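> According to our numbering, the sequence shown is numbered sequentially starting from 442.
Have a look at this one.
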Amino acid sequence: MKVLVATDSITTLDILLDELTARSWPSGTEVQVLSVVDDVDVPMKVWREESYGVSAVRRQMQRRGEQIIALAVERLRKIGLSSRVVIMRGDPAYLISFAARKWPADLIFIRAHNRNDFRNRLLGSVAKSVVESAPCSVEVVRKVNATSGAGEFKVLLATDGSAASIAASSAVAEMNWPANTEVRLVSAVNPIIYSLEELGLSRGTGTDQAHRAIGSAVHALSGAPVKISAEVIAGRAARRIVQRAKQWGADLIVLGTNEGRGLSRLFFGSTSAAVANRAHCSVRVIRKDDISNSANGSQVWRKAA
442 MKVLVATDSI
452 TTLDILLDEL
462 TARSWPSGTE
472 VQVLSVVDDV
482 DVPMKVWREE
492 SYGVSAVRRQ
502 MQRRGEQIIA
512 LAVERLRKIG
522 LSSRVVIMRG
532 DPAYLISFAA
542 RKWPADLIFI
552 RAHNRNDFRN
562 RLLGSVAKSV
572 VESAPCSVEV
582 VRKVNATSGA
592 GEFKVLLATD
602 GSAASIAASS
612 AVAEMNWPAN
622 TEVRLVSAVN
632 PIIYSLEELG
642 LSRGTGTDQA
652 HRAIGSAVHA
662 LSGAPVKISA
672 EVIAGRAARR
682 IVQRAKQWGA
692 DLIVLGTNEG
702 RGLSRLFFGS
712 TSAAVANRAH
722 CSVRVIRKDD
732 ISNSANGSQV
742 WRKAA
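This is how it looks when you write it as structure tokens:
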């Protein structure tokens with residue numbers, strides 16, 4: 442398995458390394474720590490000292506690389522993961538996906554940065570862009586206080602019955618979870634359709650479809666040693682998934698996304714990116730073409746004490 446860890450600072454890298462070391466990984470897993478230096482990352486003092494030339498950026502790239510190597514390489518070696526550090530210059534929103542495709546990576550680890558300023562609303566965060574454009578599965582990592590009870594690990598799995606959702610269910614089934622893990626299956630129904638069905642003004646096809654989606658996910662999870670619960674929720678998918686995960690105290694949200702193009706890609710991409718951008722906890726976005734990669738070895742997830 443190949444894991445690309447995208448970091449923009451030592452603080453971010455420390456959080457991502459904590460998450461990596463809290464899990465056991467398949468034998469032979471490789472880690473590539475990628476840091477992209479944008480010109481705005483170069484301190485003004487360095488620009489002045491280097492006469493505002495390209496050498497200022499190179500100096501910052503070298504400094505970033507030395508910091509990452511000092512923090513990451515030995516720490517990853519201690520848990521049996523080989524690693525290398527790559528420093529690039531340019532736009533991280535583009536280069537992270539580019540590097541994942543070139544390697545090629547099976548999974549991208551990236552920290553969530555929930556910006557509330559105008560730039561985020563206009564352009565979207567780097568994490569949002571990576572979720573939408575990455576060639577592989579992506580996990581947006583958040584460091585949060587424990588919300589579940591002692592010894593519990595809660596995974597909210599969103600499903601709509603699509604091939605991407607079935608792939609996400611299969612991915613969850615193939616992972617090795619800690620004891621007392623509960624997977625809560627949720628399927629969202631358009632609120633207008635749901636209201637019409639409740640009033641008897643519609644035949645109930647929306648709710649029936651949601652129940653069928655849950656049934657397919659239950660079947661995919663049938664061999665996994667996890668407790669399964671399920672519910673149909675009414676509302677816009679991204680918003681209700683985020684709300685339900687927080688209410689339930691989920692430690693992780695898992696959902697699928699399509700590899701298609703056009704309106705299909707736009708719809709699923711916006712949903713998965715919105716969930717990853719707004720959730721209170723970590724979010725794993727599964728691409729359906731990546732499921733074959735998981736057969737090479739399972740992750741073991743451990744909840745930190």
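All C-beta atoms in this analysis are idealised placements derived from N, C-alpha and C, irrespective of residue type, glycine included.
Note that the structure is predicted; figures quoted are calculated from it, not measured.
Would you tell me roughly how many angstroms separate the C-alpha atoms of Thr698 and Arg489, rounded to the nearest one?
For this step, residue 698 is matched to residue 257 along the sequence shown. For this step, residue 489 is matched to residue 48 along the sequence shown. About 45 Å.
> Taking the alpha helix (DSSP H) that Ala678 belongs to, which residues open and close that run?
On the sequence shown, residue 678 is found 237 positions in, with the first residue counted as 1. 678-689 is the span of the alpha helix (DSSP H), which, as asked, contains Ala678.
> Using three-state DSSP, classify Thr648 as helix, strand or coil.
Here residue 648 corresponds to residue number 207 of the sequence shown, with the count starting at 1. Here Thr648 sits in helix by DSSP.
> So what does DSSP say about Thr448, is it helix, strand or coil?
Counting from one through the sequence shown, the residue named residue 448 turns up at place 7. It is a strand residue.
> For Ser663, is the classification buried or exposed, using 16 other Cβ atoms within 10 angstroms of its Cβ as the cut-off for buried?
As a working mapping, residue 663 is identified with position 222 in the sequence shown. Ser663 is exposed by the Cβ-count criterion.
> Is the beta carbon of Thr462 sitting closer than 8 Å to the one on Arg552?
Within the sequence shown, numbered from 1, the residue matching residue 462 stands at position 21. Within the sequence shown, numbered from 1, the residue matching residue 552 stands at position 111. No, the Cβ-Cβ distance between Thr462 and Arg552 is not below 8 Å.
> Would you kindly report the start and end of the unbroken beta strand (DSSP E) that includes Ser663?
The residue you call residue 663 lines up with position 222 of the sequence shown. Neither: Ser663 is in no beta strand (DSSP E) and is coded neither H nor E.
> Between which residues of its own chain and Pro408 is the CB-CB distance below 8 Å, once the five residues before and five after are set aside?
Past the edges of the chain, shown from 442 to 746, lies residue 408, and the structure says nothing about it.
> In terms of residues, what are the limits of the alpha helix (DSSP H) holding Met529?
On the sequence shown, residue 529 is found 88 positions in, with the first residue counted as 1. Met529 -> not in any alpha helix (DSSP H); beta strand (DSSP E) instead, spanning 523-530.
> Quick one: residues in its chain with C-beta nearer than 7 Å to the C-beta of Arg680, no 5 flanking neighbours on either side, listed in chain order?
Stepping through the sequence shown from its first residue, residue 680 is reached at position 239. Excluding sequence neighbours, Arg680 sits near nothing in its chain.
> Mapping DSSP to helix, strand and coil, what is Phe559?
Along the sequence shown, one-based indexing puts residue 559 at 118. Its pLDDT being 42, under 50, Phe559 is placed unreliably by the model, and the measurement read from it follows with that caveat. Phe559 falls in the helix class under three-state DSSP.
> Quick test of your reading: Ala766 and Val683, contact by CB under 8 Å. State the CB separation rounded to the nearest angstrom.
Examination of residue 766 is not possible in this model, given that the chain is present from 442 through 746 alone.
> Alpha carbons only, please: which of Gly656, Ile674, Ala620, Trp618 is nearest the one belonging to Ser603?
Reading the sequence shown from its first residue, position 162 is the one you call residue 603. Answer by Cα proximity: Gly656.
> By alpha-carbon positions, which one of Ala678, Ser574, Ser538 ends up nearest to Leu598?
As a working mapping, residue 598 is identified with position 157 in the sequence shown. The residue with the shortest Cα to Cα distance from Leu598 is Ala678.
> Inspect the beta-carbon positions of Val481 and Val498 and report whether they are closer than 8 Å.
Counted from its first residue, the sequence shown places residue 481 at position 40. Counted from its first residue, the sequence shown places residue 498 at position 57. Not a contact, by the Cβ cut-off of 8 Å.
> So the beta strand (DSSP E) Ile747 belongs to, where does it begin and stop?
Residue 747 is absent from the model: the chain starts at 442 and stops at 746.
> Suppose you measure from the CA of Ala609 to the CA of Lys519; what does that come to, to the nearest Å?
What you label residue 609 is simply residue 168 of the sequence shown in a count that begins at 1. What you label residue 519 is simply residue 78 of the sequence shown in a count that begins at 1. Approximately 30 Å, taken between the alpha carbons.
> With DSSP run on the structure shown, which of helix, strand or coil describes Glu515?
Numbered from its first residue, the sequence shown carries residue 515 at position 74. Three-state result, Glu515: helix.
> Just list the residues that DSSP pairs Cys504 with in beta bridges.
By 1-based counting over the sequence shown, the position of residue 504 is 63. What sits at residue 504 in the sequence shown is Arg, not Cys. None, per the DSSP bridge assignment.
> Within 10 angstroms of its Cβ, does Arg702 collect 16 or more other Cβ (buried), or is it exposed?
Within the sequence shown, the letter at position 261 stands for residue 702. At Arg702 the pLDDT is 44, less than 50, meaning the model places this residue with poor confidence; the figure from the coordinates comes in the next sentence. With fewer than 16 other Cβ atoms within 10 Å, it is exposed.
> Val613 by DSSP, collapsed to three states: which one?
To locate residue 613, count along the sequence shown from 1; it is residue 172. Residue state, collapsed to three classes: helix.
> Could you pull the start and end residues of the alpha helix (DSSP H) that Glu573 belongs to?
On the sequence shown, residue 573 is found 132 positions in, with the first residue counted as 1. 567-574 is the span of the alpha helix (DSSP H), which, as asked, contains Glu573.
> For Asp449 and Ser523, I'd like the C-alpha separation in whole angstroms.
Against the sequence shown, residue 449 aligns to sequence position 8. Against the sequence shown, residue 523 aligns to sequence position 82. Asp449 and Ser523: Cα-Cα distance of roughly 21 Å.
> Assuming contact is defined by CB atoms lying nearer than 8 Å, are Leu696 and Ala658 in contact in what I supplied?
Taking the sequence shown and counting its residues from 1, one reaches residue 696 at position 255. Taking the sequence shown and counting its residues from 1, one reaches residue 658 at position 217. It is not a contact, given that the beta carbons lie outside the stated cut-off.
> Which class does Ala553 belong to by DSSP, given the choice of helix, strand or coil?
Here the question's residue 553 lines up with position 112 in the sequence shown. The answer is coil: DSSP assigns Ala553 none of H, G, I, E or B.
> Between which two residues does the beta strand (DSSP E) carrying Arg583 extend?
As a first step, residue 583 must be located in the sequence shown, where it is residue number 142. Premise fails: Arg583 is in no beta strand (DSSP E) and is neither H nor E.
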